[in-house]
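Here this note's numbering is used: the first residue of the sequence shown is 14, the next is one more, and so on. Every residue, glycine too, gets a C-beta built ideally from N, C-alpha and C. Just so it is clear, the structure is predicted and the values come from calculations on it, not from any experiment. Note sheet for the following structure.
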Amino acid sequence: MNEWELWTLALSELDPLLERLIEAENSRQQEKIILIPSESLTPQAVRQALGSVFTSIYAEGYPREETLRTPEARLADFSEQMAYFRRYADRRF
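Laid out in structure tokens, this is it:
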């Protein structure tokens with residue numbers, strides 16, 4: 014196995030045992046009532062987001078005040094948002 018394959022293989026190909034363990038835990042959470050607060054269920058959409066490419070991005074702090082007052086439609090205009098960040102972002106990143 015070459016190094017590139019580690020980045021491109023599916024979990025089932027790379028570690029079938031871990032995939033089976035994840036499936037078993039998923040079944041356990043769906044079939045049982047778990048009353049331990051630290052083991053509360055996570056919605057499917059949250060699990061998808063956590064497993065996305067954004068897992069590789071580090072961010073800290075709060076959004077700027079202007080962002081909190083901006084309408085959602087304007088926030089969804091990626092061209093405008095990217096233009097802003099290209100203009101004002103720290104050039105080191």
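What is the residue span of the alpha helix (DSSP H) that residue i lies within?
i: T80; result: 78 to 82
i: M95; result: 91 to 101
i: P29; result: 29 to 44
i: E85; result: 85 to 88
i: L63; result: 57 to 63
i: L19; result: 16 to 21
Whole angstroms is fine: what's the gap from residue i's alpha carbon to residue j's?
i: A102; j: E85; result: 21 Å
i: L22; j: R82; result: 42 Å
i: E93; j: A58; result: 26 Å
i: Y71; j: K45; result: 35 Å
i: F91; j: R99; result: 12 Å
Pop quiz: residue i and residue j are said to be a contact at Cβ under 8 Å. What is the actual Cβ separation, rounded to whole angstroms?
i: L54; j: Q42; result: 6 Å
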